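Trainee: Input: one structure, supplied below.
Chains as they are written, first to last, in the numbering used here: chain Y, 12 to 149; chain E, 162 to 245.
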C-alpha cells in the first residue's frame, strides 16, 4: 500500500537511513469485513462464554478436561458441527462446551448476516451477546 | 520434495499480468522498524507514522507490535485513488 511507502519516505526525510517493514495483507471475496468486525466476533464469543458461567450461577473455575479431550473437542467443532462432541464433554457441569460448540462452528465458517440470525435464534445465545449484535459490534 | 517442485510453472497464457487487478478491498497489518537510529527506542518514528495515517483518512488501529490498516469497499472511490 502506498501509505506504507509514504511512511518510509517520511522517516527517511527525518534522517532515518534504514527502515524495515513487514506487511501481512488479508483480502476476501465472500463478505465485507472491517477491522472492528474481525475483533468483535472473537470478543462476542469471549463475552458469551463468560455469560454462560455467570448465568449458571456456578463457580468460574470448572473441571478442565484432559488435554487430549480438549484437542478432540476442538477438532470436532470444525468438522462435525459440534455433534461429534465426546459424551463426557456434553455432561460437564459448567454447561459451556455444548453451547460454545455450535457457535464456534459457525465462526469457523465466517461471520455473516446469516450467522447473526442463527445466533439470535439460538436458545443458548446470551443476553450479553445479543446486546453486542444490537449495537452492531458482533 | 522433488527438485521439480521448486521450478516455477510457465506463465499462463490466459492471464495478462499487466491487466490483472489487485483485490478491491483488503486489511493490512504492518510493522515498521527504523534501523540504525542509535537508539533502541522507536516511539518517535512510530508517532510520525501514526500522524501520517491520521492525515490519510484511512481506518487504522495501532497495537503494541504494529498497525492494522483497513481499505474498505466504500472508501475506494474517494481514498483509494489518492493513496494507492
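Where a beta carbon is used, it is the ideal one built from N, C-alpha and C, also for glycine. No experiment lies behind these values; they were computed from the predicted model shown.
(1) Under three-state DSSP, which class holds residue 13 (chain Y)?
(2) What does residue 195 (chain E) pair with, by DSSP beta-bridge criteria?
(3) Given that a residue counts as buried once 16 or more other Cβ atoms are within 10 Å of its Cβ, and exposed if not, what is residue 195 (chain E)?
(4) At 9 angstroms on the CB atoms, spell out the chain E contacts of residue 56 (chain Y), in chain order.
(5) Using a Cβ-Cβ cut-off of less than 8 angstroms, give me the residues of the region 181-197 of chain E that come near chain Y, in sequence order.
(6) Answer yes or no: does any C-beta atom of chain E fall closer than 8 angstroms to that of residue 53 (chain Y)?
(7) Assign residue 231 (chain E) to one of two classes, buried (16 or more other C-beta atoms within 10 Å of its C-beta) or exposed (fewer than that).
(8) Give the DSSP-derived three-state secondary structure of residue 41 (chain Y) in the structure shown.
(9) With a 10 Å radius around its C-beta and 16 neighbouring C-beta atoms as the bar for buried, classify residue 34 (chain Y) as buried or exposed.
(10) Count the other C-beta atoms from every protein chain shown that fall within 10 angstroms of the C-beta of residue 201 (chain E), then say buried if there are 16 or more, exposed otherwise.
(11) Tell me whether residue 217 (chain E), by its Cβ, gets closer than 7 angstroms to a heavy atom of the ligand FMN.
(12) By the criterion of Cβ-Cβ separation under 8 angstroms, what are the contact partners of residue 199 (chain E) in chain Y?
(13) Please identify, using Cβ separations under 7 angstroms, the residues of the region 212-231 of chain E that lie next to chain Y, in order along the chain.
(14) If you compare alpha carbons, which of Y:39, Y:20 and Y:48 is closest to residue 30 (chain Y)?
(15) Drop a sphere of 10 angstroms on the beta-carbon of residue 210 (chain E), count the other beta-carbons inside from all chains shown, and report buried for 16 or more, exposed for fewer.
Mentor: If we stick to the structure as given:
(1) In the structure shown, the three-state DSSP call for residue 13 (chain Y) is helix.
(2) Paired residues: Y:30.
(3) By the Cβ-count criterion, residue 195 (chain E) is buried, with 16 or more other Cβ atoms from all chains shown falling within 10 Å of its own Cβ.
(4) Ordered by position in chain E, no residue passes the 9 angstroms Cβ test against residue 56 (chain Y), which lies about 19 angstroms from the chain.
(5) 184, 186, 187, 188, 189, 190, 191, 192, 193, 194, 195, 196 and 197
(6) no
(7) buried
(8) coil
(9) exposed
(10) Exposed: under 16 other Cβ atoms inside 10 Å.
(11) Annotation note on the ligand FMN: not contained in the displayed structure, which lists no ligands.
(12) By Cβ distance, chain Y contributes nothing, its closest Cβ being about 10 angstroms from residue 199 (chain E), past 8 angstroms.
(13) 213, 214, 217, 219, 220, 222, 229, 230 and 231
(14) Just measuring C-alpha positions, the residue of Y:39, Y:20 and Y:48 sitting nearest residue 30 (chain Y) is Y:20.
(15) buried
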